[in-house]
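Some notes on the structure that comes next.
In my numbering, the protein residues as written are 89 to 250.
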């Protein structure tokens, strides 16, 4: 399902080209891993995830329009298996993972900062999120539980001034 962007941009991308462009998500992962306190990390990671979320939405809508609005059976394993036999559906699904895994890692990094957990303690969870998202989140949640159990409560939240 080529992505066509009409004039004045006038670009047409194949599925393979779109897949290759997904490597741009590293622009969000690198700051989370190496520069978590950089002033642009929050906005850059959100921007990158949003770009992929928009791409996902466009391709999903394009796919639904192509299918005549017929929604795939996603309530059974057989239906989902049939859906993922289609390379276009796999591409859309992969974009979904790319965007969401980045947002989960983003949550981990900034929740750890808000909780006073040193970045070095959570750094292993970031690549885990990149490769196996739910495992990275689970590792972080256990790490946070251990941290708050041993060290005590999270660092105090800033009170809003009136």
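Backbone N, C-alpha and C define an ideal beta-carbon position, used for all residues, glycine too.
7 Å Cβ cutoff met for residue 221 and residue 189
Looking up residue 221 in the chain shown gives position 133. Looking up residue 189 in the chain shown gives position 101. Contact flag set, yes.
Taking contact to mean at least 3 C-beta pairs separated by less than 8 Å, is the segment 158 to 176 in contact with the segment 226 to 235?
Note that the segment 158 to 176 does not touch the segment 226 to 235; fewer than 3 beta-carbon pairs, one per stretch, sit closer than 8 Å.
On the premise that residue 119 lies in contact with residue 109, defined as a C-beta separation below 8 Å, what is that separation, rounded to the nearest angstrom?
Along the chain shown, one-based indexing puts residue 109 at 21. Along the chain shown, one-based indexing puts residue 119 at 31. About 19 Å; that fails the 8 Å criterion.
Compute the beta-carbon to beta-carbon distance between residue 273 and residue 181, rounded to the nearest angstrom, for a pair I have assumed lies under 8 Å.
The displayed coordinates of the chain run from 89 to 250. Any statement about residue 273 would go beyond what the structure contains.
Is it true that the CB of residue 192 sits closer than 7 Å to the CB of residue 225?
Taking the first residue of the chain shown as position 1, residue 225 is located at position 137. Taking the first residue of the chain shown as position 1, residue 192 is located at position 104. Cβ atoms of residue 225 and residue 192: closer than 7 Å.
Cα-Cα separation between residue 168 and residue 238, rounded to whole angstroms:
Stepping through the chain shown from its first residue, residue 168 is reached at position 80. Stepping through the chain shown from its first residue, residue 238 is reached at position 150. Going from the Cα of residue 168 to the Cα of residue 238 covers about 43 Å.
Count the other C-beta atoms from every protein chain shown that fall within 10 angstroms of the C-beta of residue 212, then say buried if there are 16 or more, exposed otherwise.
Here the question's residue 212 lines up with position 124 in the chain shown. Answer is exposed; the Cβ neighbour count stays below 16.
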